[in-house]
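Worksheet: one structure, shown below.
Numbering (our numbering), first residue to last: 2 to 627.
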């Protein structure tokens, strides 16, 4: 596989052509010999414990098992770097090339890729516009399919035939006086038939035809046509050919990714993939031999079906047919099993890499935090921000070098905590809770140093993380560059992510004791009415009386309040009017009293409310005007 020197922006997963699969594994030696094809099922020689040539661990194909040493031992040492041994054909190089050099198995008969055959939906069945059951009948040699009906009246393109029907038509062709004319390959069976049908599809023409049909189609037929058009459009867009879903060659992954190790007592432990590859090679070689000696068709066909099943098990064991098991009836791990799931190659090894400037700890509630803050344990913070602290200590002249600064940090010198406070001021950190199922699963917070070993989290951001405080853990990451810090502050800060990106609804809403507190402050409680109907000149007097225990939180009092009152939808009702000799008027409503002069101007206003509602109103107004 060629070494990628250039930088790249993304990795795209797609269909590989047979030529590309062989290109991955093929290499030319200086003597003109092309190596890369694995032809033998053997792994290592049980006497010499060296890899067998052209086998699954072949040094000629995959590189030397020992650094700077060829298979036969003629060349040893680094001074022979790059030389290809003329006796054994092994290149003298580092053994780590066995982690990325690939090989391939050239198949004696094509086989379908089980992902595209048995996936949901089946792309092969969708492209051929045939039921999956029919496609499986063809692939596993249970039915013939008509490729070219010739001049036969009772045959149609893609029609399925049983063995008896096929033989009957063959007999008709060779009857005397028969005018039935069919080409030699009028019907086919197995993956070769599927490959031929896929090759016959002209993608652009088919897409145009489908677009015209969609305009007039309705209901379920329309949905089926749209599904088929989508698959065809994707093939056109990626430049892939449908027949590539039928494999002519199988890539063999590097041997160090499917190792074989010697145990105590001389036994060997091997990766399941080696057993699955061995089954494929054995069946492939047997099929090639049967074809060579012109064996009867029924025997060849049975061997082709077994090869198809072996390749299915290698790619995705258990997806179809009987699961291949090893010792103790344990299912063997196929390529799909290695890739998929939490412990698979992507989530465990590629996305789940350990990174510097990160830590994890249990989360606890931090009710005294602002929504954009998190409590970061001092022990964790000094470790995460250590380079910044060391830099600042040296800049200030507290220490002269990095070693002295590290010693200061190890001894928990009081001087470091002030420096740490300065370093974290305005430096956001990212908190992530696995599984990160949407963008709000990772958010930025301003760290506040706290004692203990647990991360403190504001209770309102829990719904976004789907977190609770029953032992959940969260990871902390430090954005290093100024660009990363700016991005974290502008795009990822918790206070900037109040709405769900999926629905647009608020994801941060008052909850738990906040709702309970708001309800309790504003509730009616007829049993707690101490100081009821007292009159107060201003809000401060009410609060002072409440703090001194002169009035209860739920006792209704009259409060002079000359500001605007938003009545909302609560009807005032008819007021009780009392006129004074001076011409002034007092209107008494259910919840307020208003005194007006003879011109109708407001002189004073009293509101009938409770100290709890006054406190609630003050808190809301101060929060809105901040």
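C-beta: ideal position from N, C-alpha, C; glycine also.
- Looking at 282, 358, 356, the one whose alpha-carbon comes closest to that of residue 110 is 282.
- Annotation: residue 612 is outside any beta strand (DSSP E); the continuous alpha helix (DSSP H) that includes it extends over 612-626.
- Shown here, residue 285 sits in a helix according to DSSP, grouped into three states.
- Exposed is the label assigned to residue 470, since fewer than 16 other Cβ atoms lie within 10 Å of its Cβ.
- Taken atom to atom, the span from the alpha-carbon of residue 42 to that of residue 316 is near 17 Å.
- Listed as beta-bridge partners of residue 433 by DSSP are 443, 476.
- If you compare the alpha carbons of 204, 553, 512 with that of residue 531, the shortest gap goes to 553.
- Within the segment 373-424, the runs of beta strand (DSSP E) that reach at least 3 residues and sit entirely inside it are, in chain order, 374-378.
- In the DSSP assignment, residue 507 is bridged to 500.
- Looking at 306, 20, 291, 257, the one whose alpha-carbon comes closest to that of residue 100 is 257.
- The DSSP-derived three-state label of residue 35 is strand.
- Non-local beta-carbon contacts of residue 270 in its own chain, meaning distances under 6 Å to residues more than five positions away in sequence, involve 262, 264 in chain order.
- In the structure shown, the three-state DSSP call for residue 493 is helix.
- Here residue 318 is buried: its Cβ has 16 or more other Cβ atoms, across all protein chains shown, within 10 Å.
- Judged by beta-carbon spacing, residue 431 lies beyond the 8 Å limit of residue 383, meaning their Cβ atoms are not closer than that value.
- Counting along the chain, residue 249 sits inside the beta strand (DSSP E) bounded by residues 247-253.
- When only Cα atoms are considered, residue 426 and residue 539 end up about 41 Å apart.
- As for any alpha helix (DSSP H) of minimum length 4 sitting wholly inside the segment 55-136, the runs are 60-63, 115-119, 124-129, ordered along the chain.
- A straight line joining the alpha-carbon of residue 381 with that of residue 374 spans about 16 Å.
- Taking a C-beta distance under 8 Å as the contact criterion, residue 517 and residue 509 do not qualify as a contact pair.
- Spatial neighbours of residue 305 in its own chain (CB-CB distance under 6 Å, excluding positions within 5 residues in sequence) are listed in chain order as 110, 191.
- Within the segment 181-257, the complete beta strand (DSSP E) segments of 3 residues or longer fall at 247-253, listed in chain order.
- In the DSSP assignment, the residues bridged to residue 270 are 262.
- Boundaries of the beta strand (DSSP E) harbouring residue 147: 145-147, taken from the DSSP string.
- The Cβ-Cβ distance between residue 211 and residue 226 falls below 8 Å.
- Assignment of beta strand (DSSP E) within the segment 305-386, counting only whole runs of 3 or more residues, yields 359-366, 374-378 in chain order.
- Apart from sequence neighbours up to five positions away, the residues of its chain that approach residue 308 with a beta-carbon distance below 8 Å are 108, 109, 110, 112, 281, 284, 285, 288, ordered along the chain.
- Take the alpha-carbon of residue 215 and the one of residue 208: they are about 10 Å apart.
- Inter-segment contact for the segment 437-456 and the segment 352-372 is present: three or more beta-carbon pairs are separated by less than 8 Å.
- Counting only the Cα atoms, residue 28 lies some 44 Å from residue 150.
- For residue 356, same chain residues with a beta-carbon under 8 Å away, outside a window of 5 residues either side, are 478 in chain order.
- Note that the C-beta distance between residue 410 and residue 417 is below 8 Å.
- For residue 22, the enclosing alpha helix (DSSP H) starts and ends at 19-26.
- By the neighbour-count criterion, in which 16 or more other beta carbons inside 10 Å mark a residue as buried, residue 347 falls on the exposed side.
- Using a 10 angstroms sphere on the CB of residue 251, the tally of other CB atoms reaches 16 or more, which defines it as buried.
- Between residue 446 and residue 424, the C-beta spacing is not below 8 Å.
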